[in-house]
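Going from the sequence shown to my numbering is simple: count from 1 and add 95. Virtual Cβ for every residue (Gly too), placed ideally from N, Cα, C. Fair warning: this is a prediction, and the values are worked out from it, not measured in the lab.
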Amino acid sequence: MLRDITLGQYYPGKSCIHRLDARIKIIATLMFIVELFIVDNFIGFLVAAIALGVVIAVSKVPVGYIIRGLKPIMVILIFTFALNMFMVDGRILWQWGFLKITAEGLEIAVFMAIRLILLLMGSSMLTLCTRPIALTDGIERLLSPFEKVGLPAHDIAMMMTIALRFIPTLLEEADKIMKAQQARGADFESGNLMQRAKSLIPILVPLFVSSFRIAQELAMAMEARCYRGGKNRTRMNEMKLRKRDYIAIVFLIAFLAIIIVESRLL
């Protein structure tokens with residue numbers, strides 16, 4: 096289950112999506128997320144799904160690999176779906192005692208489920224198709240104008256990238272701890288929800304200890320390499336917009352125009 100989480104992982108590839116400038120991919124992801132929250136009809140979701148499908152096809156990232164990342168949030172999806180389906184008032188389609196399903200509740204439930212699925216898949220594509228170093232440089236360059244007002248752009252970019260990068264590392268560490276506990280007779284599968292939650296407590300303590308150890312090792316490695324960052328820092332690969340990046344900008348503008356027209360007409 097833990098290894099199914101794809102957010103923060105990088106999928107190696109040589110597609111044009113992988114080779115796009117990190118700044119373009121960050122802006123595109125932000126636009127996609129904003130679009131998911133401003134649309135109020137299924138046509139907007141259809142446009143977003145088509146755009147995401149094209150990106151996935153061009154990136155050549157296996158669809159099964161991306162869908163696998165939805166497994167860890169299935170509980171959240173089911174809970175959100177049921178909450179909206181049973182708690183929203185409206186035209187009753189089915190009722191049994193105090194439980195009832197309304198047409199409006201069912202529509203909102205499907206609406207929210209689609210939004211969560213597209214949100215996770217779209218966010219995962221950013222990290223799947225962007226190297227951590229490129230992601231750091233992209234965030235730093237986008238935040239650099241705010242340095243004039245005292246915002247530490249490089250520090251923020253580094254913290255965000257390290258946080259994303261260590262998601263799969265910590266998940267792998269948690270998986271190792273769970274297997275070690277199971278080898279000693281621990282049971283994480285049986286019992287009700289509360290019992291399962293309590294059985295995870297022995298995992299949290301060694302996971303926190305391991306997290307601090309990994310953080311200390313990273314800090315020592317950066318100090319050993321005389322890493323300082325910030326101003327006067329040189330890069331092996333300087334970020335520069337190329338022809339494919341300008342083509343991507345055209346597609347982003349077209350996507351934004353379609354969303355604006357769709358929101359005005361429907």
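- If you compare the alpha carbons of Leu-259, Leu-265, Pro-297 and Ala-258 with that of Ala-275, the shortest gap goes to Pro-297.
- From the listed residues Phe-206, Ile-344 and Leu-302, the smallest Cα separation to Ile-138 is found for Phe-206.
- Our two residues, Lys-195 and Leu-295, have alpha carbons roughly 35 Å apart in a direct line.
- Boundaries of the alpha helix (DSSP H) around Ile-145: 137-154.
- For Thr-225, no beta strand (DSSP E) encloses it, and the DSSP letter there is neither H nor E.
- Annotated three-state conformation of Gln-104 is coil, per DSSP.
- By the Cβ criterion, the stretch 117-128 is not in contact with the stretch 169-185, since fewer than three pairs of Cβ atoms, one from each stretch, lie closer than 8 Å.
- The beta-carbon distance between Leu-115 and Ala-343, rounded to whole angstroms, is 6 Å. This is short enough to meet the 8 Å contact definition.
- Nearest C-alpha to Thr-225 among Met-180, Leu-259, His-113 and Val-300: His-113.
- A straight-line Cα-Cα distance of about 25 Å links Ala-252 and Arg-339.
- Cβ contact annotation for Ala-177 (same chain, cutoff 8 Å, sequence separation greater than five): Ala-204, in chain order.
- A contact is defined here as three or more CB-CB pairs under 8 Å, and the stretch 179-193 fails this definition with respect to the stretch 255-262.
- Taken in chain order, the complete alpha helix (DSSP H) segments of 4 residues or longer contained in the stretch 270-325 are 288-294 and 296-319.
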